Amino acid sequence: MSITEFEYKNGFPAIRLTHPNGSASVEFLLYGAHVLSWTVNDHELLFV
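If you want the numbering used here, it's the position in the sequence shown, counting the first as 1, plus 3.
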């Protein structure tokens, strides 16, 4: 699993976790642990 830190909108710190084969990933904000995105095989599975 790879872990990537990045800045989301307005500079909020966020993390992206990616499966080793790249087939799935999740992004979430560190502040409040809000899930931003959940993808599997390039399909977004999180709908809010």
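Just so you know, even glycine gets a beta-carbon here, dropped at the ideal spot from N, CA and C.
None of these values were measured; they are calculated from a predicted model.
Rounded to whole angstroms, the gap between the alpha carbons of K12 and G35 is 15 Å. With a cutoff of 8 Å on beta-carbon distance, S28 and L20 are scored as near each other. Nearest C-alpha to D45 among F31, E10, H22, I18: H22. Annotation: P23 is outside any beta strand (DSSP E) and is labelled neither H nor E by DSSP. If you ignore the 5 residues before and after F9, its C-beta comes within less than 7 Å of the C-beta of A17, R19, all in its own chain and listed in chain order.
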